Amino acid sequence: MSPLAIMSTLIDRELRTAARTRSYYLLGLAVGAVLLGLTLGGGGAATGYIPAVVDLLLPLEILVPVVAVAIGYRAIPSDLDRGEVAMLDTYAVSPSAYVGAVYVGRAAVLSAIIGGALVAVGVVVAVTAAPDTGVFATQSGVDSPILFGRFLVVTLLFGNAILAVVVLASVVVATTRTAIVAVIAAVLAVVVGGEAAILLGVLDGVLDEATLQVALGLIPNSAYRGIVFETVVGVLSAGESGYASPLVSAVGLLLWTLVPLAAAAGLLRWRLR
Amino acid sequence: MTDADDAESRSATGDSDGSTSVVTTTGLTKEYGGRPIFDGVDLDINAGAMTAVIGPNGSGKTTLLKTLLGHVDPTAGTVTYTGPDVDRPMGYLPQEPAFRPQFTVSETVEFYASLVDASVDTEGLLREVNLYDARTRRVSALSGGMRRLLAVAQAVLGDPPVVCCDEPASGLDPSMARRVFESLAGRAADGMAVVVASHTLSLVETYADHVVILDAGGVAAAGSPAALIERYDAADLWDVYATVVDPATAGVSRRGDDDDTAERDAAASDPTADSGGDS
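Protein sequences, first through last, are from chains V and D.
Each position in the first sequence, counted from 1, maps to that position plus 141 in my numbering.
Each position in the second sequence, counted from 1, maps to that position plus 3 in my numbering.
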């Protein structure tokens, strides 16, 4: 069988597994309720997309990693515990294809949950906010659903980067029971540890204005925040950008997605030998 | 180990009885943390035969199987596969197999069947392992024994030249255990090399073509069941086992192995019991 056909078969199984997992539906409802509650409670729904983004940005920096952990922490350890990975190894299934398929399946779930909740928020804003939110194309300074769409896409990029870290951390440990501990530790190290390192770097004078932009782009949370500030919130206040480099931040999120996945595949290959 | 055992662990390499070796181990050694699991094991796994690996708990049966599969790297020695060049040279039935609980029996087999090039008669396969009537049942609703049967079906999917089965009869009722061994023996008769690690000595004696007894870090005895029984002037394979295996380690085996104990006790208390089967 061609690697593409095998990958397609594995992804199909992951998606069907996700579609049959009831807890994901409950998680989606809970996330939707939280985001809608924050939007309505924060007043964003009544004033427009950008105020809604401002209301949701900080909560999403916490909520997205939590959802990524909930979705991803036991994906591979469960298959290892069941002996399914060892069985799959006797077919022409490479660890890379297996890890990639598991990741794609879980990324689809995360995207559906977070994306679905944000779409619901967007619909509420469209229905309840001031009339000028219906403008789709104009010069800067006007709220728009396009800006909210950008926010949604960037949020999914952030979530899927954290999910890759979760998948890697879950392969490091031996069992499903210990996976949750390892995954939470890894996410805390990346999310909290990264920002703490930047703060210390600034305080110690290690990071100057030029290197700070790069450093911010290389930490998932600050990269996410930076892109949102520069491409969504900052649009309303032209001329005051420069908080972060969207390009460096996008590359940072891409690296936080690809490098952990490659490491997870390599680690799994080593574990099977 | 006697000279005969040494010769027999290399038995039927394709030289003496026309069968063909598909996997050969030479000086196979595995240590964990400096503690040897087995040392210098030389084996030939033949196509068209069932090779049973027996021995006390902790004697290295599972590790040996995983080494054959390439899932465990040996500390020393080599494993050489000389069978046909196919996408799936070896099938595997793990000791405690399980599958995704969200899928039905049919969907599970079809998923694995879709990973092999050959077309697979999944319905026929499910009939062979007696799971056809349960084909629409979710894996989460299967008993442990039925999951093992599903794992047997998965192991032989696509007719790999070699199949390694770790305790294929564990958790099965006697008639189903016999059916699994019959099925594997049938596969062997069709040319597959079947390697079975098992504690169910009565079934091993009935169905295996070649028996390797592991103990004290190596091959304690090897040969066909009949040859071993004759060589050790024993009544059955149980007697061979009791004679060959170090009593100290055998004691460990009896304490930790319900199958062995139950089978032995049943045979001792029932004068009509057939030592060759446990149904």
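Positions of the beta carbon are idealized from the N, C-alpha and C atoms, including for glycine.
Computed from a predicted structure; not experimentally measured.
- The DSSP-derived three-state label of residue 119 of chain D is coil.
- Taking 7 Å as the cut-off, the beta carbon of residue 295 of chain V is found closer than this to the beta carbon of residue 369 of chain V.
- Secondary structure at residue 41 of chain D: strand, using DSSP grouped into helix, strand and coil.
- A Cβ-Cβ contact shorter than 7 Å links residue 80 of chain D with residue 30 of chain D.
- With 16 or more other CB atoms across the displayed protein chains lying within 10 angstroms of its CB, residue 181 of chain D is buried.
- Assignment of beta-bridge partners to residue 93 of chain D by DSSP yields D:165.
- For residue 49 of chain D, DSSP records a beta bridge to D:24.
- Per DSSP, reduced to three states, the secondary structure at residue 34 of chain D is strand.
- The CB of residue 384 of chain V never comes closer than 8 Å to any CB in chain D; the least such distance is about 44 Å.
- Contacts with chain V at 7 Å (Cβ-Cβ) do not include residue 104 of chain D.
- When the alpha-carbon of residue 388 of chain V is set against those of V:342, V:182 and V:355, the nearest one is in V:355.
- Inter-segment contact for the segment 66-79 of chain D and the segment 188-200 of chain V is absent: fewer than three beta-carbon pairs are separated by less than 8 Å.
- Of all residues in the segment 123-144 of chain D, none places a beta-carbon less than 8 Å from a beta-carbon of chain V.
- Taken in chain order, the members of the segment 230-254 of chain V whose beta-carbon sits within less than 8 Å of a beta-carbon on chain D are 230, 231, 232, 233 and 234.
- Close to residue 79 of chain D, with beta-carbon spacing below 8 Å, lies no residue of chain V; the smallest spacing is near 16 Å.
- Against residue 224 of chain V, the close residues of chain D are 97, 99, 100 and 101, in the order they occur along the chain (beta-carbon pairs closer than 7 Å).
- The Cβ-Cβ distance between residue 410 of chain V and residue 236 of chain V falls below 7 Å.
- Collapsing the DSSP output to three states places residue 265 of chain V in a helix.
- With respect to the 7 Å criterion, residue 238 of chain V and residue 147 of chain V are classified as neighbours on the basis of their beta carbons.
- Take residue 106 of chain D, set aside five residues on each side of it, and the residues of its chain with a beta-carbon closer than 8 Å to its own are 114, 141 and 142, in chain order.
- None of the residues of the segment 311-323 of chain V has a beta carbon lying less than 8 Å from any beta carbon of chain D.
- Judged by DSSP in its simplified three-state form, residue 339 of chain V adopts helix.
- Put simply, the CB of residue 109 of chain D is far from chain V, with every gap to its CB atoms at 7 Å or more.
- Across the structure, residue 165 of chain D and residue 215 of chain V are spaced so that their CA atoms are roughly 31 Å apart.
- Residues of chain V with a Cβ closer than 8 Å to the Cβ of residue 74 of chain D are, in chain order, 227, 230, 413 and 414.
- Fully contained in the segment 301-378 of chain V are the following alpha helix (DSSP H) runs of length 4 or more, in chain order: 317-329, 335-344, 350-358 and 361-372.
- Put simply, of V:166, V:399, V:365 and V:265 the residue whose alpha carbon is nearest the alpha carbon of residue 336 of chain V is V:365.
- Per the Cβ contact rule, the segment 191-207 of chain D is in contact with the segment 54-68 of chain D (3 or more Cβ pairs under 8 Å).
- The segment 297-305 of chain V and the segment 313-326 of chain V do not touch, with fewer than three beta-carbon pairs separated by less than 8 Å.
- In summary, residue 47 of chain D is buried, with 16 or more beta-carbon neighbours lying within 10 Å of its beta-carbon over all protein chains present.
- For chain D, the residues of the segment 159-175 of chain V that bring a beta carbon within less than 8 Å of one of its beta carbons are 161 and 162, in chain order.
- Within the segment 143-155 of chain V, 147, 150 and 154 place their CB atoms closer than 8 Å to a CB of chain D, listed in sequence order.
- One finds 231 in chain V with Cβ atoms closer than 7 Å to the Cβ of residue 93 of chain D, taken in chain order.
- In the three-state DSSP reduction, residue 88 of chain D falls in the coil class, being neither helix nor strand.
- Secondary structure of residue 78 of chain D (DSSP, three-state): coil.
- If the five residues before and after residue 62 of chain D are omitted, its C-beta is found closer than 6 Å to the C-beta atoms of 217 and 218, all from its own chain and listed in chain order.
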